[in-house]
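*Asks:* The numbering of the sequence shown is the UniProt record's numbering, which starts it at 1 and goes up by one. Even for Gly, the Cβ is constructed at its ideal location relative to N, Cα and C. I am attaching a structure below and will ask some questions about it afterwards.
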Amino acid sequence: MRIVHTPDDPPAKGMYALLTASITPRPIAWVSTISADGVPNLAPYSFFTVACADPAILSVTSIGRKDTYRNVVGTGEFVVNIGTESLMEVMNATSAPDGPEVDEFEMQGLTADPSDVVAPPRVAEAPIAFECVRHDVIDLGTSAMLLGRVVSVTIDDEMLADDGLPDFGSLLPPSRLGRHQWGYAPRTRELPRPRR
Numbered sequence: 001m002r003i004v005h006t007p008d009d010p011p012a013k014g015m016y017a018l019l020t021a022s023i024t025p026r027p028i029a030w031v032s033t034i035s036a037d038g039v040p041n042l043a044p045y046s047f048f049t050v051a052c053a054d055p056a057i058l059s060v061t062s063i064g065r066k067d068t069y070r071n072v073v074g075t076g077e078f079v080v081n082i083g084t085e086s087l088m089e090v091m092n093a094t095s096a097p098d099g100p101e102v103d104e105f106e107m108q109g110l111t112a113d114p115s116d117v118v119a120p121p122r123v124a125e126a127p128i129a130f131e132c133v134r135h136d137v138i139d140l141g142t143s144a145m146l147l148g149r150v151v152s153v154t155i156d157d158e159m160l161a162d163d164g165l166p167d168f169g170s171l172l173p174p175s176r177l178g179r180h181q182w183g184y185a186p187r188t189r190e191l192p193r194p195r196r
């Protein structure tokens, strides 16, 4: 038997709960920004993906107008840091609804590493960082999609495979699932695309 839901007839726990429990695993953008007053901010976002490869554009969706949203709109810059399993708990800790005056780097004992191009710092403990400038901000109901054009990428060379690309088995990025669940890096399988 199949159960059907519509936006007018959502499940008891709501559409957000259904969406996030169904669309899994979701990679996590650990987004660092800086306010107009110079206060660093850091928060994880699982509504995140590559929007375009040429030019390189990343998409991060903010549910509500949070500090990250205000900082990106105000300054036009942000950094997408990619964490590892060992950073899972501190990544989650930075999701707390702290005020704009709170520096999550300092609060969580993280190192704010100066970026190469943009003003917001990178997370030194994170092995990959994409420095971005605002490409567009698209309002979507109660959310806002932040599109950032990548202007610099920093990668820990210990995470690279022989082909010069990040190795999934070394990176071991955590992911978000439904409810309060986080995912550990799953097994992998080589499966080349078919050629025609």
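So what does DSSP say about Gly178, is it helix, strand or coil?
*Replies:* The residue labelled residue 178 in the question sits at position 178 within the sequence shown. Of the three classes helix, strand and coil, the one that applies to Gly178 here is coil, per DSSP.
*Asks:* Of the choices Asn81, Glu77, Asp67, whose alpha-carbon is the least far from that of Asp103?
*Replies:* Residue 103 sits at position 103 when you count from the first residue of the sequence shown. Checked all of Asn81, Glu77, Asp67; the closest Cα to Asp103 is Asp67.
*Asks:* Measure the alpha-carbon distance for Val153 versus Asp167 and round it to whole angstroms.
*Replies:* As a working mapping, residue 153 is identified with position 153 in the sequence shown. As a working mapping, residue 167 is identified with position 167 in the sequence shown. Using only the alpha carbons, I get a separation of about 16 Å.
*Asks:* Between Asp163, Thr75, Asp37, which has its C-alpha nearest Val118's C-alpha?
*Replies:* Position 118 of the sequence shown, counted from the start, is the residue given in the question as residue 118. Of the listed residues, the one whose Cα sits closest to Val118 is Thr75.
*Asks:* Measure from the alpha carbon of Glu89 to the alpha carbon of each residue in Asp98, Gly109, Ser35, Ile34, then state which is nearest.
*Replies:* Within the sequence shown, the letter at position 89 stands for residue 89. It is Gly109 whose Cα lies nearest to the Cα of Glu89.
*Asks:* Is it buried or exposed, Pro173, if we count other Cβ atoms within 10 angstroms and call 16 or more buried?
*Replies:* Taking the sequence shown and counting its residues from 1, one reaches residue 173 at position 173. So Pro173 counts as buried.
*Asks:* Check this for me: beta carbons of residue 258 and Asn92, under 8 Å apart or not?
*Replies:* Since the displayed the chain opens at 1 and closes at 196, residue 258 lies outside it and no answer follows.
*Asks:* Excluding five sequence neighbours on each side, which residues of the same chain lie with their C-beta closer than 8 Å to the C-beta of Ala21?
*Replies:* Here residue 21 corresponds to residue number 21 of the sequence shown, with the count starting at 1. Within the same chain, Ala21 has close Cβ partners Leu177, Gly178, Arg179.
*Asks:* Check whether the Cβ of Phe130 sits closer than 7 Å to any heavy atom of the ligand PLP, and report yes or no.
*Replies:* Here there are no bound small molecules, and the ligand PLP is not part of this structure.
*Asks:* With contact counted as at least three CB pairs below 8 Å, one residue from each stretch, are the region 135–152 and the region 46–63 in contact?
*Replies:* Yes, the region 135–152 is in contact with the region 46–63.
*Asks:* Which of helix, strand or coil does DSSP assign to Gly74?
*Replies:* To locate residue 74, count along the sequence shown from 1; it is residue 74. DSSP places Gly74 in helix when its eight states are reduced to three.
*Asks:* Given this structure, state the Cα-to-Cα distance separating Cys132 from Ala51, to the nearest angstrom.
*Replies:* Locating residue 132 in the sequence shown gives position 132, where the first residue counts as 1. Locating residue 51 in the sequence shown gives position 51, where the first residue counts as 1. About 13 Å.
*Asks:* Give me whichever residues DSSP pairs with Glu131 in a beta bridge.
*Replies:* On the sequence shown, residue 131 is found 131 positions in, with the first residue counted as 1. Glu131 pairs with Val79, Ser152.
*Asks:* Leaving aside the five residues before and after Glu190 along the sequence, list all residues of the same chain whose C-beta is less than 7 Å from its C-beta, in chain order.
*Replies:* Reading the sequence shown from its first residue, position 190 is the one you call residue 190. Correct list: empty, nothing qualifies.
*Asks:* Check the DSSP bridge columns for Ile138 and list the partner residues they point to.
*Replies:* Here the question's residue 138 lines up with position 138 in the sequence shown. Partner(s): Met145.
*Asks:* Starting from Tyr184, follow the alpha helix (DSSP H) in both directions and report where the run begins and ends.
*Replies:* Reading the sequence shown from its first residue, position 184 is the one you call residue 184. First-last for Tyr184: undefined, no H or E at that position.
*Asks:* Determine the closest residue to Thr49 out of Asn41, Val39, Ile23, Pro40, with distance taken between C-alpha atoms.
*Replies:* As a first step, residue 49 is located in the sequence shown; it is residue number 49 there, counting from the start. Of the candidates Asn41, Val39, Ile23, Pro40, the one whose C-alpha sits nearest the C-alpha of Thr49 is Ile23.
*Asks:* Give me the Cα-Cα distance between Ile28 and Thr188, rounded to the nearest whole angstrom.
*Replies:* Taking the sequence shown and counting its residues from 1, one reaches residue 28 at position 28. Taking the sequence shown and counting its residues from 1, one reaches residue 188 at position 188. Their Cα atoms are separated by approximately 18 Å.
*Asks:* Who are the Cβ neighbours of Ile138 in its own chain at under 6 Å, not counting the five residues just before and after it?
*Replies:* On the sequence shown, position 138 is the one that residue 138 refers to. So the list reads Met145, once near-sequence residues are dropped.
*Asks:* Looking at the secondary structure, which residues open and close the alpha helix (DSSP H) in which Thr20 lies?
*Replies:* Here residue 20 is taken as the residue at index 20 of the sequence shown, counted from 1. It spans 15–22 - the alpha helix (DSSP H) in which Thr20 sits, taken as one unbroken run.
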